[in-house]
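Inspection log for the structure reproduced underneath, given as structure tokens.
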Amino acid sequence: MEKGNKKDYQKLYRAILSLKNEEECQAFFEDLYTISELDAAAQRLKVAGMLHKKYTCGHISEVTGASTATVSRVNKCLNYGSGGYRMVLARLEDGEDNK
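Throughout the sequence shown, residue numbering follows the UniProt record's numbering, covering 1 to 99 in sequence.
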């Protein structure tokens with residue numbers, strides 16, 4: 001990922017890491033992102049989880065409302081990205097999400 005200012009990205013990452021619980025995270029994300037941006041991010045995470053569980057593109061699109069282009073983009077990230085989706089999905093499966 002090259003777009004943008006690296007120092008600005010690092011500050012954003014530190015800000016997110018400074019959050020202590022889900023309530024703080026919710027408050028920060030609601031201020032930082034529009035509802036549409038939050039919905040899109042949540043949808044992509046759901047798509048990633050379903051791809052990880054080997055659901056078909058058509059089924060995922062039908063269940064989540066995501067376009068097939070979005071499903072394909074998330075699939076590309078799962079297979080060729082930085083490993084972020086896989087790391088988070090593994091932690092959620094391991095119960096590190098505390099839910």
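Just so it is clear, CB atoms sit at the ideal spot from N, CA and C, and this is done for glycine as well.
The C-beta separation of Tyr-85 from Ala-48 comes to about 4 angstroms, placing the pair in contact by the 8 angstroms criterion.
In this structure the region 28-41 does not lie against the region 49-56, because fewer than three pairs of beta carbons, one per stretch, are closer than 8 angstroms. Where Asn-79 is concerned, the enclosing alpha helix (DSSP H) starts and stops at 68-80.
According to the DSSP assignment, Gly-49 belongs to the alpha helix (DSSP H) that extends over 35-52.
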